[in-house]
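There are 2 protein chains.
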Amino acid sequence: MEITLAALQGRWTTLVVRELLRGDRSYSELRAALPALSDKVLSDRLAQLGEAGVVHRDRRPGWPPRVRYTLTARGRRLGPVLQALWDWGADAPD
Amino acid sequence: MEITLAALQGRWTTLVVRELLRGDRSYSELRAALPALSDKVLSDRLAQLGEAGVVHRDRRPGWPPRVRYTLTARGRRLGPVLQALWDWGADAPD
DNA sequence: CTGTATCCTGAACGATACTG
DNA sequence: CAGTATCGTTCAGGATACAG
Chain A
1 MEITLAALQG
11 RWTTLVVREL
21 LRGDRSYSEL
31 RAALPALSDK
41 VLSDRLAQLG
51 EAGVVHRDRR
61 PGWPPRVRYT
71 LTARGRRLGP
81 VLQALWDWGA
91 DAPD
Chain B
95 MEITLAALQG
105 RWTTLVVREL
115 LRGDRSYSEL
125 RAALPALSDK
135 VLSDRLAQLG
145 EAGVVHRDRR
155 PGWPPRVRYT
165 LTARGRRLGP
175 VLQALWDWGA
185 DAPD
């Protein structure tokens, strides 16, 4: 569980993963989908998720630079976990 | 999901809930089970979980003071959620 | 026994500017 | 387009002492 919590640590991490669960995204798409995140935090989260083996960074050659972020198989297995989190919050609101 | 994350926020929160999932506990039992937590943090977490409607504080009259912490129905529903977190971490270790 | 108050430190966050 | 660098702020966490 410590592993999971470490991987999901950070106020915005789950929202980034949630966005990627819907499909792969470019950096600017993520930024547009999560306007509350500063570049720095988004960059930090993506790096963290990359090290946790949750997100894969796919850099395409050429100009302008194109990068796609996708979930790894490990990352996609977070789907049910986040769903459980969502359900609990929705089940018993204040 | 923001609700759940707010309720579980804090590095130690899930461990406190996990302990209470096994049965009700006194303050000193929690402290003994989670030696890494300072009094302040344990106290903070219990207050947070109380406000989130996860934990119930049962103060018995008399001396010395005896307090039992138990999970509410809402709190017990966190069991599967924490299990999902646990499973993910155990499934794909680094 | 069951906590709260105080103070301190380090990490996360947020904005802005700048680079490949 | 896709980030990193820097800097200031804010907040959770840890130690210690003290209170009901």
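Order-wise, the sequence lines are chains A and B.
Residue numbers for the first sequence follow my numbering, so the first one is 1 and each next one is one higher.
Residue numbers for the second sequence follow my numbering, so the first one is 95 and each next one is one higher.
Glycine included, each C-beta is placed from N, C-alpha and C at the ideal position.
Can you pull the chain A neighbours of residue i, defined as C-beta to C-beta under 7 Å?
| i | result |
| --- | --- |
| V175/B | A84, L85, W88 |
Using DSSP bridges, identify the partner residues of residue i.
| i | result |
| --- | --- |
| S137/B | Paired residues: none, contrary to the question. |
| D58/A | R68/A |
| S132/B | Bridge partners of S132/B: none, in fact. |
| R25/A | Y69/A |
Buried or exposed: which applies to residue i, given that a residue is buried once 16 or more other Cβ atoms fall within 10 Å of its Cβ?
| i | result |
| --- | --- |
| V161/B | exposed |
| G169/B | buried |
| G156/B | exposed |
| G89/A | buried |
| R45/A | buried |
| R116/B | exposed |
| A130/B | exposed |
| A52/A | buried |
| A73/A | exposed |
| R153/B | exposed |
| R119/B | buried |
| A47/A | exposed |
| A32/A | exposed |
Output, in chain order, the set of chain A residues within a Cβ distance shorter than 9 Å of residue i.
| i | result |
| --- | --- |
| A185/B | This sequence places Asp at residue 185/B; Ala is not what is there. Result: R74, R77. |
| L165/B | Near L165/B there are no residues of chain A at all, since even the closest Cβ is about 12 Å away, more than 9 Å. |
Checklist line | Contact residues within the stretch 102-127 of chain B, judged by C-beta distance below 7 Å to chain A | finding: T108
Check: Name the residues in the stretch 126-143 of chain B whose C-beta lies less than 8 Å from a C-beta of chain A; which are they?
Finding: none
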